[in-house]
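Written below as structure tokens is the structure these notes are about.
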Amino acid sequence: MSESKIPEGSKDIRCIVCPTGCLVHVENISGELIIEGHSCKRGEEYAREEFISPKRILTTTMRVEKGFLPLIPVRSDKPIPKDKLEESLKLIAQTQTKAPIKMGDTLIEHILGLDINIIASRDLIEI
Ligand code: SF4
222 MSESKIPEGS KDIRCIVCPT GCLVHVENIS GELIIEGHSC KRGEEYAREE
272 FISPKRILTT TMRVEKGFLP LIPVRSDKPI PKDKLEESLK LIAQTQTKAP
322 IKMGDTLIEH ILGLDINIIA SRDLIEI
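Quick note: the sequence shown uses this note's numbering, first residue 222, plus one each step.
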């Protein structure tokens, strides 16, 4: 369960859990979340999480030493809180890894102290 503070106000959130794409309205009324427009429990949970603590899978590239290519595409192995994305991107930009690399290799463990790793999105051979 998230420990984040419930934000003020309201938001219309497009549920992306399934292709139906319901538009879910979430509103904080005196600290109680009112959620409407979802068609199922999964959508209600998605909208609640997106309102309280939105997260995204981070995708970017990282510099590689001795690689066949100078950069390798990387991603987070779990969604990262949106307010940590910029700091995570800066850290990845300052980091250089070394070939050879296998898809799924952990290149940064527990980024920013989170239980989230930055992993390689492809193989990269050494030159
Ligand atoms: S609320 Fe349920 S039915 Fe609607 S898009 Fe989300 S998962 Fe699909």
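Backbone N, C-alpha and C fix where the C-beta goes; we use that ideal spot for every residue, glycine too.
Owing to the predicted nature of the structure, the values given are computational and were not obtained by experimental measurement.
Residues P300, I301, K303 and L306 of the same chain have their beta carbon placed closer than 7 angstroms to that of R277, with the five preceding and five following residues left out of the count. DSSP places E253 inside the beta strand (DSSP E), whose first and last residues are E253 to E257. Excluding the 5 residues flanking it on each side, D344 has same chain C-beta neighbours closer than 6 angstroms at K323 and M324, in chain order. In this structure, DSSP gives A320 a state outside helix and strand, which the three-state scheme calls coil. Between the C-alpha atoms of F272 and K287 there is a straight-line separation of about 43 angstroms. In the displayed model, E330 falls within coil according to three-state DSSP, outside both helix and strand.
Per the coordinates, the alpha-carbon of I332 lies some 26 angstroms from the alpha-carbon of I237.
Per the Cβ contact rule, the region 279-297 is in contact with the region 309-320 (3 or more Cβ pairs under 8 angstroms).
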